[in-house]
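This report concerns only the one structure given below.
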Amino acid sequence: MYLSVFYAAFRWLGVLRGRRDRNLLIGLWVGMGLLVAALFTLWRGPVYVGVAYPFGTILGLVIYLIYYALTAEPPETEEAQPFAGDRLLVTALAAAVLAHYVEIHFGIAIAATRVYFFLYTALLFMVTYLLPRLKEMGTAVPVESSRRGKRSRRQPRQAAPAKSAGWGPLLLNTLVMALIIGVMGYTFITYNQPPGQTGEELIQLTAGDIFQQSFFQDASKDFVDSPFIYLMVILTWGLGVLIMVSEMVKDKELRVPANLKALARNRQKIAAVIFLLMGAGSIGFRLVASQPANAGATALLGQSLLWLWGAVSIWAGVRLLVGKGDADRVFAGGVALAGLLLSLPVFLAGGEGVALVTAVICAVILYLLWDKVWSKFFLPVGALGAVSLTIGLGYAYFQAFQLRNSLLYRFTLGQPETALELQKFVVAEADYAVQFLVYFFVFVILLLAVAALVLSLAQKPAAKKSGSAPAYLLLLGLVIFGGWFVFASNVQVIQADMVYKRGRFFDNEAARARNLENWDSAIAIYQNALERAPNEDFYYLFLGRAYLERSTLTEDPDEKVRLLSDAEDRLLLAQKINPLNTDHTANLARLNTRWVALTDDEAARQERIDQAEKYYLDALSLSPQNSVIRNEYARLLLNLKQDCSGAIRVFEDSVAIDPYYTETYFDLAQTYQACAAGQPEDAQEEMKQKAAETVLGATEQRPNDSRVWVRAGQILHDLGDYEGAVAAYEQVRQLDPQGQLVTSWNLDFLLAQSYAAQGQIEQAVVLTQNALVAAPPQYTEQIQQFLNQLTGGG
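Right, here's the structure in full:
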């Protein structure tokens, strides 16, 4: 696909000069890709084929451009303009496609960046094919005389392009505008349950409530009135309609009314007076009407718009009174039509009375000023605005209805009573929620299909309209295949991601509360996501991690082994799908590390330790700069292999690789402290001194982080450097005097322990009493016991 884009761009630019150049480009692209893939397979293994082949194709493309630069000859004519605007644009688009090709293979590919490819390709198609073709269709072509035997020619005539029916562009623009508003509705329709809302109140929820909250409330700010999303939608609609109408006028698909018939009697003056009264009434109402004390942003915005509408109405009325030409009447008709159209969004925003009055008045004005020719301009414009907004907001309301059903789905099935029923329930709830996407795709594809049909029927074809039966059968087959392909390649993978994100909620809750049921729910949802996207290693990663974390909570040894075995299977599958993802290998190392504690057999235990070490080394070969994995490997050496020198060496390497990760300093200091035990006295003092220096190294890296100083104080206290610990805690008090990061009672308790260790009992007692007063209830018993030890109490 990418090669075809480069082929088309190079051919238009003249970089492909013939069949030989074409074959050379294709050969270099495919050949260099295969060659580099083979070399990487021999060097690093087959796992690198996925990145080696695109690297080779890029190299082949560069080689071809070098070949062209060396063999190209200067143009013989002066017509060639290498710096013409269209040539520069095509060159830039080809470069952008190449940059995107590099990004998706060697960087991060997301939906937004993938859209760029289609935008660039569409622009290339327009510049290199469509626009030149339209230009050629408009050039003069000679027409032979009808006389026989003579070769005389008539005057050249213009080859007229296919003419569009008047309703074609109108319907096309209406559907496009409806699609834009509908997509915005799908994006912004959401619901946040207000605090304190009971289940019985939630059952009473309507689609209108969801629509109202989505467009007119800010849930992040205590559900304050905020109409700005709705305002953005309406501004998009209004400006979009104006742009579309102006383009249709420019393309002569719509014509601004001219040569109007004179109005009977004083109809123009009556319309002018109505405009003036409406304008004066709008401004007067704004000045006189008092605003309620609890008026929100929507009401304030509406009152501000009264100023604008009043000024425009007065302007239209004055032009009708003073002006003599058709332009003044057309302008007034446009203002009346705008008022009629804007009544709909005002009505939906809660201004029912104002909207109805404005709509009636504007309809009366249009009736008074109406001319027959207006039906060819104002009626299409009104239909474009009204129909597009109705369809777009109608789909938004449908989305709100679907969301309402999803929120109330739990009440339709009843509360699950067993753990298995709970898992089935959360999976069924996720299945129901992801159906939103199917309806959205149907909405988008249906509008696009109707728009394409309208566009094709609007053109007057030069060829016959009917096709052969095999062609229609082939078309039917393509439609069926296209629907299946879209569902498999787009809908299912997005649904899987939606399901996965629902599982992340239970995952986070389980990690916070250490709850078995939440882990079981997360596991069930991750499995459902994998059923939709079985080759997504990311889901296997989280499923394996969920099994791993679930195993730490159960007390049954047999269940622990089963869960760890399930986790190992999922993580091995994830590693097989994507062997270059460091997380898979690191999680396998963590799994084997945890398995060691469950193994009584010494041989099996040693096998798990060796396996964990192997996985850690493999992970570090994939991500040598990853300090977290390197530190975990060092802890394995220290805790499971009792290799102090190896652990210290790995921690020191980690500090050298990433000196800004302060956690490594603390781990290294604690390793020095642990390894000092059992050493001769001189060696112990040396290691403790190194530990203290290492702790201070962390504070040097982040001298303004109070949490780093707290950690440093705790380790210095454990090392017996009580003065250093007190100094570290006092530094915390200076950096965080309000106790926002480190609570004051906790800091007082830590200081009290260090002062007590120094023998300063009175100071320790005062600090402990302060901590006891401010500490949460769950910590008071521990603090009271320490205070009793200081005072000699029972």
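Using my numbering, read the sequence shown as starting at 123 and increasing by one per residue.
Glycine included, C-beta positions come from ideal geometry on N, C-alpha and C.
Everything numeric in this text was worked out from a predicted model, so none of it was measured.
Contacts around residue i, its chain only, beta-carbon distance under 7 Å, and the 5 residues preceding and following it disregarded
i: Ala329; result: Tyr519, Ala522, Phe523, Arg526
i: Leu398; result: Ile436, Gly439
i: Trp717; result: Leu686, Arg730
i: Thr890; result: Phe871, Ala874, Ile905, Phe908, Leu909, Leu912
i: Val92; result: No answer is possible for residue 92: it lies beyond the span of the chain, which begins at 123 and ends at 916.
i: Asp688; result: Tyr669
i: Ala485; result: Leu462
i: Ala380; result: Asp448
i: Leu838; result: Ala814, Val817, Gly846, Ala847, Ala850
i: Arg824; result: Thr784, Val830
Where residue i sits in the DSSP three-state scheme
i: Asp553; result: helix
i: Val601; result: helix
i: Glu852; result: helix
i: Ala879; result: helix
i: Ala206; result: coil
i: Glu903; result: helix
i: Trp492; result: coil
i: Asn910; result: helix
i: Phe609; result: helix
i: Gln795; result: helix
i: Ala896; result: helix
i: Ser590; result: coil
i: Asn145; result: helix
i: Lys623; result: helix
i: Glu258; result: helix
i: Lys272; result: In this prediction, Lys272 has a pLDDT of 44, which is less than 50 and means its spatial position is unreliable; what the coordinates show is noted afterwards. In the structure shown, Lys272 sits in coil (DSSP, three-state: anything other than H, G, I, E or B).
i: Phe499; result: coil
i: Ala471; result: coil
i: Arg139; result: coil
i: Glu315; result: In the sequence under discussion, the amino acid at residue 315 is Gln, which differs from the Glu named in the question. Of the three classes helix, strand and coil, the one that applies to Gln315 here is coil, per DSSP.
i: Val378; result: coil
i: Ala655; result: coil
C-beta contact flag for residue i and residue j at 8 Å
i: Leu327; j: Ala393; result: no
i: Leu652; j: Leu670; result: no
i: Phe788; j: Arg833; result: yes
i: Leu841; j: Lys812; result: no
i: Ser924; j: Gln545; result: With the chain covering only 123 through 916, there is no way to say anything about residue 924.
i: Pro349; j: Phe338; result: yes
i: Leu758; j: Thr715; result: yes
i: Leu742; j: Ile751; result: yes
i: Trp359; j: Ser510; result: yes
i: Leu515; j: Leu470; result: yes
i: Ala618; j: Arg667; result: no
i: Lys383; j: Asp493; result: yes
i: Ser528; j: Ala505; result: no
i: Gly455; j: Leu430; result: no
i: Leu693; j: Asn703; result: no
i: Val173; j: Phe228; result: yes
Cutoff 6 Å; reference residue i; Cβ partners in own chain excluding five residues on either side
i: Pro291; result: Met370, Glu375
i: Val482; result: none
i: Val355; result: Met306
i: Ala696; result: Asp659, Tyr662, Leu663, His706
i: Pro656; result: none
Any C-beta of chain D under 8 Å from that of residue i
i: Ser590; result: The structure shown contains no chain D; it is built from a single protein chain.
Contact test: residue i Cβ vs the ligand SAM heavy atom, cutoff 7 Å
i: Gln334; result: Among the components of this structure there are no ligands whatsoever, and the ligand SAM is therefore not found.
Cut-off 8 Å between Cβ atoms - residues of its own chain near residue i, not counting five sequence neighbours on either side
i: Ser268; result: With a pLDDT of only 46 at Ser268, under the threshold of 50, the placement of this residue in the model should not be trusted; the figure read from the coordinates follows. Around Ser268: no qualifying Cβ.
i: Val171; result: Ala159, Phe162, Thr163
i: Phe628; result: Val548, Asn640, Trp641, Ser643, Ala644, Ile647
i: Gln880; result: Tyr844, Glu845, Val848
Exercise. Using 8 Å as the Cβ pair cut-off and three pairs as the minimum, do the segment 356 to 370 and the segment 292 to 305 touch?
Worked result: With a cut-off of 8 Å, the segment 292 to 305 and the segment 356 to 370 count as touching, because enough Cβ pairs lie within range.
Exercise. Do the segment 174 to 192 and the segment 141 to 161 make contact, defined as three or more Cβ pairs closer than 8 Å?
Worked result: Verdict: yes, contact present.
Exercise. If you scan the segment 317 to 356 from start to end, which runs of the alpha helix (DSSP H) of 4 or more residues do you find wholly inside it?
Worked result: Correct list: 321 to 325, 329 to 338.
Exercise. Does the segment 211 to 218 touch the segment 243 to 258, meaning 3 or more C-beta pairs lie closer than 8 Å?
Worked result: Three or more pairs of CB atoms, one per stretch, sit closer than 8 Å, so the segment 243 to 258 contacts the segment 211 to 218.
Problem set entry | Touch test, the segment 854 to 863 against the segment 815 to 823, Cβ-Cβ under 8 Å, three pairs minimum | Taking a cut-off of 8 Å on C-beta distances, the segment 854 to 863 does not touch the segment 815 to 823, as fewer than three cross pairs fall below it.
Exercise. Taking contact to mean at least 3 C-beta pairs separated by less than 8 Å, is the segment 561 to 570 in contact with the segment 311 to 323?
Worked result: Put simply, the segment 561 to 570 does not touch the segment 311 to 323. Fewer than three CB pairs are less than 8 Å apart.
For this session: Only counting runs of 4 or more residues, tell me where the alpha helix (DSSP H) segments fall wholly within the segment 780 to 839, in order along the chain.
Result: DSSP runs (the alpha helix (DSSP H)) wholly in the segment 780 to 839: 784 to 798, 803 to 823.
Exercise. Three or more C-beta pairs closer than 8 Å, one from the segment 774 to 783 and one from the segment 796 to 803: is that the case here?
Worked result: Segments in contact, no.
For this session: Taking only runs that begin and end inside the segment 733 to 788, name each unbroken alpha helix (DSSP H) of 4 or more residues, in chain order.
Result: Counting whole runs of 4 or more residues, the segment 733 to 788 contains the alpha helix (DSSP H) stretches 749 to 761, 766 to 779.
Problem set entry | Runs of alpha helix (DSSP H) wholly within the segment 388 to 435 (minimum 4 residues, chain order) | If we require 4 residues or more, the alpha helix (DSSP H) runs fully inside the segment 388 to 435 come out as 389 to 410.
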